[in-house]
Structure formats: structure tokens, C-alpha cells
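Trainee: My structure is below; once you've seen it, I'll send some questions.
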Amino acid sequence: MEYSEVIKNARTCIGPYCQACSICNGTACKNTMPGPGAKGAGDLAARNYMKWQEVCINMDTICGQKTVLTELELFGRKFTSPFFAGPVGAVKLHYGDKYTDQEYNDILVSACAENGIAAFTGDGTDYNVMIEATKAIGKFNGMGIPTVKPWDLGTIREKMELVKKSGAFAVAMDIDAAGLPFLQNLNPPAGSKSVEELKEIVKMAEIPFILKGIMTPKAALKAKEAGVQGIVVSNHGGRVLDQCPATAEVLSSIVEAVKGDMTIFVDGGIRTGIDVFKALALGADAVLIARPFVTAVYGGEAEGVKAYINRINAELKDTMSMCGAFSLLEIQRDMIWS
Ligand SMILES: Cc1cc2nc3c(=O)[nH]c(=O)nc-3n(C[C@H](O)[C@H](O)[C@H](O)COP(=O)(O)O)c2cc1C
Numbered sequence: 017m018e019y020s021e022v023i024k025n026a027r028t029c030i031g032p033y034c035q036a037c038s039i040c041n042g043t044a045c046k047n048t049m050p051g052p053g054a055k056g057a058g059d060l061a062a063r064n065y066m067k068w069q070e071v072c073i074n075m076d077t078i079c080g081q082k083t084v085l086t087e088l089e090l091f092g093r094k095f096t097s098p099f100f101a102g103p104v105g106a107v108k109l110h111y112g113d114k115y116t117d118q119e120y121n122d123i124l125v126s127a128c129a130e131n132g133i134a135a136f137t138g139d140g141t142d143y144n145v146m147i148e149a150t151k152a153i154g155k156f157n158g159m160g161i162p163t164v165k166p167w168d169l170g171t172i173r174e175k176m177e178l179v180k181k182s183g184a185f186a187v188a189m190d191i192d193a194a195g196l197p198f199l200q201n202l203n204p205p206a207g208s209k210s211v212e213e214l215k216e217i218v219k220m221a222e223i224p225f226i227l228k229g230i231m232t233p234k235a236a237l238k239a240k241e242a243g244v245q246g247i248v249v250s251n252h253g254g255r256v257l258d259q260c261p262a263t264a265e266v267l268s269s270i271v272e273a274v275k276g277d278m279t280i281f282v283d284g285g286i287r288t289g290i291d292v293f294k295a296l297a298l299g300a301d302a303v304l305i306a307r308p309f310v311t312a313v314y315g316g317e318a319e320g321v322k323a324y325i326n327r328i329n330a331e332l333k334d335t336m337s338m339c340g341a342f343s344l345l346e347i348q349r350d351m352i353w354s
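Below you can see the structure in the form of C-alpha cells.
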């Protein structure tokens, strides 16, 4: 299946808020929430995308010819590529009736696992979402990362039990979900967590714990103090607070503060293998791509996901070979221009 066909199919079933654009750049959906857009004026998803486009590649083909390898090892697991499907919850609300979260996660987790990468799964007020997501991950030898919302500690403890039962190799928490309206004013209260609370959550997890929603070196250092094993530099695709910088704008300063201490992921507007290359050149260990995987599932289910993964991987390999980087470790800062 060609990716263009995936997009064409998605347009017939994904509405009404998502236009399944050929380039998912945050413009057509802008401030649609519900929908896949961004909060407030809705500019941040587009800014995320644009700031990667401003980074250019420094081509250099005076080098030997070798096979390009994109394999990556993280938390004791091997992956064919340094990109992961990002968590997307409440797909019925945001993308129409075609799939429940359970159906969406089943397709995404299995298709990613079959193609050598892993999917992060989302969480929601419906308890079944986490139950079914962890079941899907369990079926694929723990090849997936459940992303737990920052509920109260009692609820987190319950959800961590589901995570552990699934054999997931890591677990994440979108700490920035504090900005989602449905998480506010809950009783017991959900949302932001102190370093002390995070230390307790890390202990509960017992597997590598990734904190998603880090946008400053200061927050990265707090995550480090809490003992987390990974961070995702993310502004939640602009969905939790308007007028933040793009992730491409803050990545370098965060890398400078904590590189080597924790695994650094980044997301937000990464759409091609060239963008993946730029993120790695800026110091990320791996990236998450969220919205385009939704289009891939709606437009072609497992085949759509496979087509998208193959496309990103081919673009990444092409960029690496054009810069003389034959493994991910050989991707260096001087291979980009910004
Ligand atoms: C409709 C929608 C639902 C999302 N749900 C979640 C979620 O449940 N958990 C989470 O951590 N992030 C969630 N995100 C944020 C994404 O994981 C990701 O951080 C963001 O979309 C930026 O990546 P992208 O530009 O590649 O989409 C959601 C994003 C969208 C558009």
C-alpha cells in the first residue's frame, strides 16, 4: 500500500475535524479541540512543524559507501528505527466514530510491533482504555509503552498494576496533561506532581519511567532529580498551553542540561525521516510521531501503519547516507544548519 493511498482512504472516514492533510502541519485543524488541533488560538501545532522546517541539512557525500543502519537499543529492547508512535487518546471524540480507543490501540500496537518499533498508548477517564491498551501490549511481548495520566497517586498505583501485568518494557506519564480541561477540578485532584510525588511514582513503576511534557532545562533537571529514566520534550502538540515555544526551539538547551543522564525523546510536528534526522542531530535519542499514525490507522489499518513506517525509515536512511552517517551514533550536530 502506498502512503498516498492511505491518506486518500483516511479522508473518507476520519472527519469531521481532521482533514487528513498530505502534510499534517497543524494548519487545517488549527484550534479544533475536540479534534486534533491545538489549544487557544491554536498556533502551536503549526509552530512545532514550522520550526523543524527551518533546520536545514548539511549534505556531505565525500565518504565511503556503507550500509545505513537505523537500529536502536533502549531500555533493553531493540528497535529497527529511532521513532515511535506517540500516544493518542479519545480517538472517537477527536477523529470520529470509526474506532474506539481499544480498537485503535489494538491496530497500532500490533502493527508497530510487527514492524520493529513500539507504540505509546493513551489513557482517559474511561478506565477500560488502559485495561485494553495494556492487554494489547501484553499480546505483543510487552512491545509498547502505556502512558498514564497524572491522576491522584491511588489511581496511578492501580494503573501501574495493569502496566506491570502487561510486561510493557517501559511506562510513561504525560505530566503536562495538567493543562487538559477534563483533568482539572477532579476529586481526588489530578494534574501537576511535585518531585517528591514523582519519586514515589518512579518507585511504583518498577520499570523504566518516561516523563512526557518537558519544555525547559529546569523541568528536565527536576525529572532527573525524581529519578526518571527518560523524558519526552513535548508541548503535547499545543494541546495543553497556547503560546509555548516549539519543541525544536527548546531541544538543544534541554540536551545540554541532561544529555547522558536520561533517554531524551522529542515530539511535535515531526513528519518525515528528514525531521527525525534533525531531531537526532540536535541531540535527541529518539522521537515520537503522534497525529500521522492516526491517519495511517484510519486510512489503512496495519497496512497503513506499515506504509508510514517504511516511508519514514527510507527518508531517514537517505538523509543519513547523504550526510555520511551510517549508524545513529554517527549523526552529529554539524550535519544540520540552523
Ligand atoms: C487527539 C490527540 C489526543 C492525544 N492524546 C494524548 C494522550 O492520551 N496522552 C499523551 O501523552 N499525549 C496525547 N496527545 C499528544 C501526542 O502524544 C503528542 O505529544 C502531540 O500530538 C505532538 O506530536 P505530533 O505533532 O506528532 O502529533 C494527543 C494528541 C492528539 C492530537
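Numbering-wise (this note's numbering), the sequence shown opens with residue 17 and increments by one.
C-beta: ideal position from N, C-alpha, C; glycine also.
Leaving out five residues on either side along the sequence, give the residues of the same chain with a beta carbon under 7 Å from the beta carbon of Met49.
Mentor: If you number the sequence shown from 1, residue 49 lands on position 33. Lys55 and Arg255.
Trainee: So, under 8 Å CB-CB, His252 and Gly285 are touching, yes? Tell me the CB distance rounded to an integer number of Å.
Mentor: As a working mapping, residue 252 is identified with position 236 in the sequence shown. As a working mapping, residue 285 is identified with position 269 in the sequence shown. Going by Cβ atoms, the distance from His252 to Gly285 rounds to 12 Å, so no, they are not a contact pair.
Trainee: What are the boundary residues of the beta strand (DSSP E) that Ile153 is part of?
Mentor: What you label residue 153 is simply residue 137 of the sequence shown in a count that begins at 1. From DSSP, Ile153 is part of no beta strand (DSSP E) but of the alpha helix (DSSP H) over Tyr143 to Lys155.
Trainee: According to DSSP, is Lys46 helix, strand or coil?
Mentor: What you label residue 46 is simply residue 30 of the sequence shown in a count that begins at 1. Looking at Lys46 - three-state DSSP - the assignment turns out to be coil, as it is neither helix nor strand.
Trainee: Tell me which same chain residues have a C-beta within less than 6 Å of the C-beta of Ala341, skipping the five on either side of it?
Mentor: Position 325 of the sequence shown, counting from 1, holds the residue named residue 341. Taken in chain order, the residues that qualify are Ile347.
Trainee: Any idea what DSSP makes of Glu89, helix, strand or coil?
Mentor: In the sequence shown, the residue the question calls residue 89 occupies position 73. In this structure, Glu89 counts as strand in the three-state DSSP scheme.
Trainee: Is Glu212 buried or exposed, if buried means 16 or more other CB atoms sit within 10 Å of its CB?
Mentor: Taking the sequence shown and counting its residues from 1, one reaches residue 212 at position 196. With fewer than 16 Cβ atoms within 10 Å of its Cβ, Glu212 is classed as exposed.
Trainee: On the criterion of 16 or more Cβ atoms from any shown chain inside 10 Å, does Lys209 qualify as buried, or is it exposed?
Mentor: On the sequence shown, position 193 is the one that residue 209 refers to. Buried, by the Cβ-count rule.
Trainee: At a cut-off of 7 Å, would you count Ala300 as near ligand 1, judging by its Cβ distance to the nearest heavy atom?
Mentor: To locate residue 300, count along the sequence shown from 1; it is residue 284. Answer for Ala300: no, Cβ out of range of ligand 1.
Trainee: Answer yes or no: does any C-beta atom of chain C fall closer than 8 Å to that of Val266?
Mentor: Although the question refers to chain C, the structure presented lacks it and comprises just one protein chain.
Trainee: Quick one: Cα of Phe198 to Cα of Ile280, how far?
Mentor: Here residue 198 refers to the residue found at position 182 of the sequence shown. Here residue 280 refers to the residue found at position 264 of the sequence shown. Distance between the alpha carbons of Phe198 and Ile280 is about 28 Å.
Trainee: Hey, is the stretch 119-129 in contact with the stretch 257-274, meaning 3+ C-beta pairs nearer than 8 Å?
Mentor: no
Trainee: What separation, rounded to the nearest whole angstrom, lies between the Cα atoms of Val110 and Thr141?
Mentor: What you label residue 110 is simply residue 94 of the sequence shown in a count that begins at 1. What you label residue 141 is simply residue 125 of the sequence shown in a count that begins at 1. One point to set straight first is that residue 110 is His, not Val, in the sequence displayed. Approximately 15 Å between the Cα atoms of the pair.
Trainee: Which stretch, first to last residue, makes up the alpha helix (DSSP H) that contains Gly132?
Mentor: Mapped onto the sequence shown, residue 132 falls at position 116. Neither: Gly132 is in no alpha helix (DSSP H) and is coded neither H nor E.
Trainee: Suppose you measure from the CA of Asn329 to the CA of Asn203; what does that come to, to the nearest Å?
Mentor: Counting from 1 along the sequence shown, the entry for residue 329 is found at position 313. Counting from 1 along the sequence shown, the entry for residue 203 is found at position 187. For Asn329 and Asn203, the distance between alpha carbons rounds to 44 Å.
Trainee: Could you check whether Leu88 and Leu344 sit closer than 8 Å to each other, using their CB atoms as the reference points?
Mentor: The residue labelled residue 344 in the question sits at position 328 within the sequence shown. The residue labelled residue 88 in the question sits at position 72 within the sequence shown. Yes, the Cβ-Cβ distance between Leu344 and Leu88 is below 8 Å.
Trainee: Does at least one heavy atom of ligand 1 sit under 7 Å from the Cβ of Ala61?
Mentor: Your numbering for residue 61 matches position 45 in the sequence shown. Ala61 Cβ: within cutoff of ligand 1.
Trainee: Keeping to the same chain, check which residues put their C-beta closer than 6 Å to that of Val282; ignore five residues upstream and five downstream.
Mentor: As a first step, residue 282 is located in the sequence shown; it is residue number 266 there, counting from the start. Answer for Val282: Val249, Thr263, Leu267, Ala295, Ala300 and Val303, listed in chain order.
Trainee: What number of angstroms, rounded off, separates the C-alpha of Pro166 from the C-alpha of Ala184?
Mentor: For the purposes of this step, residue 166 is identified with residue 150 of the sequence shown, where counting begins at 1. For the purposes of this step, residue 184 is identified with residue 168 of the sequence shown, where counting begins at 1. So the alpha carbons of these two residues sit roughly 18 Å apart.
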